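Take the sequence shown: its position 274, counting from 1, is numbered 274 in UniProt numbering, and each next residue is one higher. Just so you know, even glycine gets a beta-carbon here, dropped at the ideal spot from N, CA and C. Just so we're clear, the structure is a prediction, and the values are computed from it rather than from any experiment. Presented below is the structure to which this report refers.
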Amino acid sequence: MGNAVLERICERRVEEGLPGMAIQWGAVGDVGLAVNMLENRQQLEIGGTLPQRISSCLEEFDKFMCQSRPIVASMIVAEKRPSASEAVNVLEALMNIMNIKDLKTVSQTTSLAELGMDSMMAVEIKQTLERDYEIFLTPQDIRDLNIAKLTAMSTKDTKKQTKQTKKRVEKTENLGGMQILMRTINVSLLDGQYCVQLPVKCGQKKNEVFLIPGIEGSAEIFTALAPKLKLPATCLQLGINDSVESIEDMADLLIPHILARTKGRRDFVIVGYSYGSLVAIELIRKLEARALVGHLILLDGSPDYMKAIKFEHFVAASEHEYQN
């Protein structure tokens, strides 16, 4: 969202005859997050693009400075590859979903969660495993999967794997849409409380931050993040009350808990992850209507992306039915 705001500023400045340019770069291959994910300095595909060398970025930057356009872009587009439905085995299918082109560029023991799998990717992975390979795993099992485990699963005999997985489920059915989503949500992780204090390492008293989980609704998703936080953090769990029928209702249920824990302060910080970003946006809207001032942070959250997922997987007659 920050990039979009800056781009609009550049467009407005150019319209008014002032200098302004926003450059949309792809992944950079020499420094930063992308290069830290590589092994042996080999290329890794990220979001359909390949890392671009800094020398190449500087060359393009020189060309951009000679233009008058407010928004320009430079990235290396990767070659197209088969989709998950066209994969020949489990490993290839999941790597297509995760946008990983070359297995040599990632560690065999790195889990899917560490490779950047979000809650919506987990839904697609679970649906692919159950629909195409009759492999039934819990959400935690999916987060713990790594290349080594997927390779072992791909080499097993299909019939033997089917017999083993059918023993772990009471019945099998052709699931899709909302059914497959509900099977991904592990309700057992919810402890019945709206507010779950996260175990953070906080050396001094600071203002509390509120975290909204993804479609799973549980504070369990922040287990790896919590020890790295340096301020008090509380997860506002979703799905505790099954009577809510919309995101607005869910926000109304969470607001009293936020107000009670802010202890009269007029400022707040809310972090929304994946699906939780929709709830976080609604919370911000309602809290600002009460003359409060806050900061909103969205992690892997995009309303447009969630709407696209809705039309692809779910069938609802109205917006109210979809939210419910």
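Is L236 helix, strand or coil by DSSP? Looking at L236 - three-state DSSP - the assignment turns out to be strand.
Beta-carbon spacing of M153, V90 below 9 angstroms: Contact flag set, yes.
Would you check if the distance between the CB atom of L211 and the CB atom of I247 is smaller than 9 angstroms? No, Cβ-Cβ distance for L211 and I247 is not below 9 angstroms.
Closest residue to K156 among F64, S119, L231 and Y133 (Cα-Cα distance): Selected option, being the one with the closest Cα: Y133.
Identify every residue that forms a DSSP beta bridge with F64. Bridge partners of F64: none, in fact.
When you compare the CB positions of M250 and E282, do they come within less than 9 angstroms of one another, or not? If you check the CB distance, M250 and E282 come in under 9 angstroms.
Taking one C-beta from the segment 4-12 and one from the segment 20-34 each time, how about it: are there three or more such pairs within less than 8 angstroms? Enough Cβ pairs lie closer than 8 angstroms, so yes.
Under a Cβ-count criterion, where at least 16 other Cβ atoms within 10 Å of its own Cβ denotes burial, should T223 be classed as buried or exposed? Taking all protein chains shown into account, T223 has fewer than 16 neighbouring C-beta atoms within 10 Å of its C-beta and is therefore exposed.
Let's see if you can read the secondary structure: which residues bound the beta strand (DSSP E) around A122? No beta strand (DSSP E) holds A122; the alpha helix (DSSP H) holding it covers S119 to Y133.
Cβ shell of K206 (< 7 angstroms), same chain only, five flanking positions each side left out: So the list reads L231 and P232, once near-sequence residues are dropped.
Around the Cβ of Q140, are there at least 16 other Cβ atoms within 10 angstroms (buried) or fewer (exposed)? Here Q140 is exposed. Its C-beta has fewer than 16 other C-beta atoms within 10 Å.
State the Cα-Cα distance for the pair A291 and R266, rounded to the nearest angstrom. A291 and R266 have their C-alpha atoms roughly 8 angstroms apart.
Where V196 and L238 are concerned, what is the direct C-alpha to C-alpha distance, given to the nearest angstrom? Using only the alpha carbons, I get a separation of about 11 angstroms.
Hey, out of G301, G294, M98 and C235, whose CA is closest to V200's CA? For V200, the closest alpha carbon among the candidates G301, G294, M98 and C235 is that of C235.
Output the boundary residues of the alpha helix (DSSP H) element that contains G2. For G2, the enclosing alpha helix (DSSP H) starts and ends at G2 to E15.
Report yes if the CB atom of D30 is closer than 9 angstroms to the CB atom of R53, and no otherwise. Contact flag set, yes.
Taking 9 angstroms as the cut-off, decide whether the C-beta atoms of C202 and L229 are in contact. Their beta carbons are under 9 angstroms apart, which means C202 touches L229 by this criterion.
Between which two residues does the alpha helix (DSSP H) holding G217 run? Looking at the DSSP string, G217 is not in any alpha helix (DSSP H), and its letter there is neither H nor E.
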